[in-house]
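These notes concern the structure reproduced below.
Number of protein chains: 4
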Amino acid sequence: MTLRVAVAGASGYAGGEVLRVLLGHPEVEIGAVTAGANAGQRLGALQPHLLPLADRVLQDTDAEALAGHDVVFLALPHGQSAAVAAGLGEETLVIDCGADFRLRDAADWERFYGTPHAGRWPYGLPELPGARAELVGAKRIAVPGCFPTAVSLALFPAYAAALVEPEAVVVAATGTSGAGKTPKPHLLGSEVMGSVSPYGVGGTHRHTPEMAQNLTEVAGEPVTVSFTPHLVPMSRGILATCSAKARPGVTAAGLREAYTKALRDEPFVHLLPEGQWPATAAVQGANTALIQVALDPAAGRVVVVAAIDNLTKGTAGGAVQSMNVALGLPETLGLPVTGLAP
Amino acid sequence: MTLRVAVAGASGYAGGEVLRVLLGHPEVEIGAVTAGANAGQRLGALQPHLLPLADRVLQDTDAEALAGHDVVFLALPHGQSAAVAAGLGEETLVIDCGADFRLRDAADWERFYGTPHAGRWPYGLPELPGARAELVGAKRIAVPGCFPTAVSLALFPAYAAALVEPEAVVVAATGTSGAGKTPKPHLLGSEVMGSVSPYGVGGTHRHTPEMAQNLTEVAGEPVTVSFTPHLVPMSRGILATCSAKARPGVTAAGLREAYTKALRDEPFVHLLPEGQWPATAAVQGANTALIQVALDPAAGRVVVVAAIDNLTKGTAGGAVQSMNVALGLPETLGLPVTGLAP
Amino acid sequence: MTLRVAVAGASGYAGGEVLRVLLGHPEVEIGAVTAGANAGQRLGALQPHLLPLADRVLQDTDAEALAGHDVVFLALPHGQSAAVAAGLGEETLVIDCGADFRLRDAADWERFYGTPHAGRWPYGLPELPGARAELVGAKRIAVPGCFPTAVSLALFPAYAAALVEPEAVVVAATGTSGAGKTPKPHLLGSEVMGSVSPYGVGGTHRHTPEMAQNLTEVAGEPVTVSFTPHLVPMSRGILATCSAKARPGVTAAGLREAYTKALRDEPFVHLLPEGQWPATAAVQGANTALIQVALDPAAGRVVVVAAIDNLTKGTAGGAVQSMNVALGLPETLGLPVTGLAP
Amino acid sequence: MTLRVAVAGASGYAGGEVLRVLLGHPEVEIGAVTAGANAGQRLGALQPHLLPLADRVLQDTDAEALAGHDVVFLALPHGQSAAVAAGLGEETLVIDCGADFRLRDAADWERFYGTPHAGRWPYGLPELPGARAELVGAKRIAVPGCFPTAVSLALFPAYAAALVEPEAVVVAATGTSGAGKTPKPHLLGSEVMGSVSPYGVGGTHRHTPEMAQNLTEVAGEPVTVSFTPHLVPMSRGILATCSAKARPGVTAAGLREAYTKALRDEPFVHLLPEGQWPATAAVQGANTALIQVALDPAAGRVVVVAAIDNLTKGTAGGAVQSMNVALGLPETLGLPVTGLAP
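Heads up: the protein sequence lines correspond to chains B, P, W and S, in order. Per the UniProt record's numbering, the first sequence starts with residue 1, numbered consecutively. Per the UniProt record's numbering, the second sequence starts with residue 1, numbered consecutively. Per the UniProt record's numbering, the third sequence starts with residue 1, numbered consecutively. Per the UniProt record's numbering, the fourth sequence starts with residue 1, numbered consecutively.
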């Protein structure tokens, strides 16, 4: 099976990473690559690392350019996916890397995004309980946000086993590519190098309700998330440090056992050996999540750390993994598991 | 008054920063600069940024070299300060940048450091309730750890005003200089650039009991701290993201008022205008702490973020500030408040 | 003497650094701070490191705001200085950090900048032969470009002593702050971290004729410069690696002697001890240039390396140094010589 | 054909990269992985990015461990390869990533390395004129140094076409991984972040004679190289900026034509479209060299810039490319050409 695949938003970081991952997929032939303001340019001028595609010319993102593909990846600014998807036939697998179809709750959507709710598509985090089954055969997939990917993978085993209280505290660091390629003063190299700063503090980041939604579904009771993301001086990577109060009777051994059981069959999510903690460099460019867990007896909390590459497992790799699941291909087909380090 | 000041451990990062700050102090004359293995070398070969001292030669760290000074700063590996201080007269002001005399509780010390407890000296964080008074006239001062400086400044107003529950969750990022200048594989540039990683997870970092001690004293009841530090790709700076459950009835306005009141007379600790969050670059090289606070109503938590330079306010600047207080000089004398950015 | 000083362009990197340096100058009182599009904002929102000026509000850059000051620093986009300066009285010392008045040759200006030549002002690099005398009492000063500062300091001793051929090859690395604060895609943190790239290759960078002008004046014969600048992943700093063919008979000892002689009385330019090479970190935030020189006998070339901070000695520090000279103040007054490292 | 391949020195950066590249090679089965002081450890503890090999245990680097493989890669400290290679049969393809067998001239070797010359093996830079032919069927291969790879690829077309004078000036920037994984003070993150510094100035770097050897062979006359390498704040990548005086009559068009012709059939070396300059990020993790060339008419010099990843095309990728050539496999088999960016 050779799939003809289009990528909309190919000049941005997410779209570029989708292309990078697809270049390594043995069943994919890359068709249209489209953009907004950058349409008409050589891809090589904007994404010089995608050497095999350097001479491709970006087309406009419209139904005509995207027609005739088996799979279309959307890597568009939030709010644009619904209209583009509407122009694509039902037989086309549409995978949206944006936020538009992630949230179940319309009120959540409206509070955080300020526009009407577009609906919800099958959620592209196969590792979550129940998610894989929903993805098989799906023709529309919502790729999770990068932070929710890391945080959900870190905490779902604890909530699935009812080991922690339903109040999670998440502090995460992200590389600057998560903020996209549109130039803004606070994203200048001069500003980010040598500096760490928080944003979206106090529960205002748009990924907060998505995390709460995922953990609530796993826990079977409402889970709140206190979420504080930080911009750190690196291009790629998310490190999410998550904690919650341990339920009475939880032991370090029981905790480890629950994580081992929950993750042992996952090809992309690895519980590290005891004592080894994740670093983002180890998963750079890989569709891998590294996880470690500890019990802090003095504070009475379970602490879980997850490292992913925000662009790979956090976006493009996760998207291609979901494509594989949806189409009945081997889930790991064409996906990098080895990171680029140092 | 011209003070003759010696610095022991002048080839390391903490000692170098003490010298850098002292070079800007109008009442200080720099006397002996000493080192361990680096004794005998030109300071300019090891600390080329300290241009006015480039031709100084490092002496051995011993009582003879350190004798005859009004003030002696110790920037030595943990466990070495007690012996050196014992060789200095009681009339000498000894300011220890190491951990040896920070903890009140001998059991805490022994659990975290594994050696006999040396005692406790007046604690060099003048902003803490009661600390300034204890420092005036003191002849022995323990400089706080860099993380406890940031975290105590961030949280003391909330605990002093009883606004939060006594279980704090602290996640902090530090630049690599906090780990010192002794070469270790995980501190290589190749390892730290492009990567974020946690360490001391699960309550095992040595600064944990120091934070708990400070907040417990302020709160008047036992406060636990779940502390997770992270190494991020920058040389200097600490960003501490601290949270705790809001007590019933706490409002955003009440919170802001408490912080405004607690910090308004502090020359080095600044509550930022609403909506502006601290970045470490803004305090680079300055004896400044920038603070912001928010209430997350959905999660029911107070979130406080503090940014300091780990070497300046977190070590050397705080040490010189305490020297000023101890000697009755203006507290701000010779201390930088302007950061180096970008 | 207390000078009332205004800074036009105070929201940018050069203007911010002028303010940072001026905050440490004992004879300066900071008056108007002005901006273009950022007028009306609190300085603290844009330059949070300039804590003592945080509550200042940026005024529009016009003659009214800038009137009534003893000294006005212009840190404006190229081409705007002439008009602003025309509105300032002749008794006002106007120091232009832009390029407008650096080049002697109108044809050079027009070829590289594409606009009519505005003229030439006394050149603010006091270390160049003859420059100091021209600056004393001057009321208009053109601050050199950052690269020409580094390169001229590196090579003038060799050309003054006729030790090298008049064809210089200069390859330089600069931090991103040299490119300013206006957001552009290639200056995003995501693009610059982890990457080195050249620009202005083949003699097209605007600083090329300025270097050639300076070295030609020193050499007394036309000197060509092959100049290739590079953007590297750091915020501040220039490292210029300069070489030229050694003239017959030149020895390592003779070379060192020429440099020692040329630089020994300079307060801000230091020839390092033999075997020690400059690093930009050592001059971060300082008005210092570090120089080292070597003879490569196999290649027959003299190699000189200079490190400066592009914003300090390369712009704002050099500007204040020239102000001191012009006004008859001690040349080093209020200027930092100690760098911020690590 | 499935090749059984061993890697000696697998805990270092070069050895780790050889493994990373081999993991993507369809005809390779990874056999023994060996180390010096790190023998006995899990590979996952030292190279956590090599997830598929995490549970491998490092063996001692000795003849026994390395026996029975079709190919053995040596990534050892300089001077150790000859002894190890001597213990391997003549039927084994031995590919040495160290310097031991690169130089033809024993006097050069002794002057720069201070030990007896071990000899010269076929040189693993297939793009150099004549090199491919020598590699076919070879059983011993010397992988070029990382700088000589970049510089030889940049300049060989100009020397092959006799367009430039035989005095090259090369200034290069390298990421810190080129300096290896052994902890040294100047390689600490605190030292390299925010700083650029030169080393090996004045023709003393060991890669200098290797560059001169390659260019001399291509030019057919002695070529001297003035080489100045710099350490810059990134983990990976080399950017080499090379120039030489243009021979009379050389035009921009002629220059471009020569480069187009020389490189158009090379699968891994790409001349960029006019006006686009190489950045190291674009080749991160790829076995790709990006080249651009310009004529500076005012300075009369040809300027060529090459970007490679020092660990991939500069070491491990080049090594595997040479393995493919030696064994008659397709030269590009299993080698990444797409970079990881941003």
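Even for Gly, the Cβ is constructed at its ideal location relative to N, Cα and C. As the structure is a computational prediction, the values presented were derived from the model and not from experiment.
- Counted as a single uninterrupted DSSP element, the stretch harbouring residue 97 of chain B is not any beta strand (DSSP E), since DSSP gives it neither H nor E.
- The continuous stretches of alpha helix (DSSP H) do not include residue 33 of chain S, which lies in the beta strand (DSSP E) extending over residues 28-35.
- Residue-level contact check: residue 233 of chain P touches chain S, since one or more beta carbons of chain S fall below 8 Å from its beta carbon.
- Short of 7 Å from the beta carbon of residue 180 of chain P, and not among the five residues preceding or following it, lie these beta carbons of its own chain, in chain order: 12 and 13.
- Not flagged as an interface residue toward chain B: residue 108 of chain P, since no C-beta distance is shorter than 8 Å.
- Per the coordinates, the alpha-carbon of residue 37 of chain S lies some 12 Å from the alpha-carbon of residue 76 of chain S.
- The continuous stretches of beta strand (DSSP E) do not include residue 232 of chain P, and DSSP gives it neither H nor E.
- Contact annotation: in the stretch 288-302 of chain B, residues whose CB is within less than 8 Å of a CB in chain P are 292, 294, 295, 296, 297, 298, 299, 300 and 301.
- Three or more pairs of CB atoms, one per stretch, sit closer than 8 Å, so the stretch 4-11 of chain B contacts the stretch 30-44 of chain B.
- According to the DSSP assignment, residue 174 of chain P belongs to the beta strand (DSSP E) that extends over 164-174.
- In this structure, residue 312 of chain S sits near residue 287 of chain S, with a CB-CB distance shorter than 8 Å.
- The alpha-carbon separation between residue 102 of chain S and residue 296 of chain S amounts to approximately 33 Å.
- Unbroken beta strand (DSSP E) runs of no fewer than 3 residues, entirely contained in the stretch 293-322 of chain P, are found at 301-308, following chain order.
- Using a Cβ-Cβ cut-off of 8 Å, residue 191 of chain S counts as an interface residue toward chain W, since at least one Cβ of chain W sits closer than that to its own.
- Under the 10 Å beta carbon count, residue 205 of chain P is surrounded by 16 or more other beta carbons and is classified as buried.
- DSSP places residue 261 of chain P inside the alpha helix (DSSP H), whose first and last residues are 252-263.
- Under the three-state reduction of DSSP, residue 243 of chain B is assigned to strand.
- Rounded to whole angstroms, the gap between the alpha carbons of residue 282 of chain W and residue 216 of chain P is 41 Å.
- Residues of the UniProt domain "Semialdehyde dehydrogenase NAD-binding" (4-136) of chain W with a C-beta less than 9 Å from any C-beta of chain B: 13 and 46, listed in chain order.
- Against chain B, a Cβ distance below 9 Å from residue 284 of chain P picks out 194 and 195.
- For residue 167 of chain P, at least one C-beta of chain B is nearer than 8 Å to its own C-beta.
- The three-state reading of DSSP puts residue 22 of chain B in helix, counting H, G and I together.
- Going by DSSP, residue 66 of chain S is part of the alpha helix (DSSP H) stretching over 63-66.
- Using a CB distance cut-off of 8 Å, residue 229 of chain W does not count as an interface residue toward chain B.
- Shown in chain order are the members of the stretch 167-182 of chain S whose Cβ falls below 7 Å from a Cβ of chain P: 176, 177 and 181.
- Residues 281, 282 and 284 of the same chain have their beta carbon placed closer than 7 Å to that of residue 341 of chain W, with the five preceding and five following residues left out of the count.
- Beta-bridge partners assigned by DSSP to residue 123 of chain W: W:142.
- For residue 305 of chain B against residue 239 of chain P, the beta-carbon gap comes to about 17 Å, at or over 8 Å, which does not count as contact.
- Going by DSSP, residue 4 of chain B is part of the beta strand (DSSP E) stretching over 3-8.
- By the criterion of at least three beta-carbon pairs nearer than 8 Å, the stretch 223-235 of chain P is not in contact with the stretch 106-126 of chain P.
- Judged by their CB atoms, residue 17 of chain P and residue 127 of chain P are not nearer to each other than the 8 Å cut-off.
- Under the Cβ distance rule, residue 342 of chain S counts among the residues neighbouring chain B, one pair being separated by less than 8 Å.
- Taking C-alpha positions only, residue 169 of chain W is separated from residue 244 of chain W by approximately 6 Å.
- With a beta-carbon spacing of about 16 Å, residue 211 of chain P and residue 269 of chain P fall beyond the 8 Å limit used to define contacts.
- DSSP places residue 60 of chain W within a strand segment (E or B) once states are collapsed to three.
- Under the 8 Å criterion on CB atoms, residue 338 of chain W is classed as interfacial with respect to chain P.
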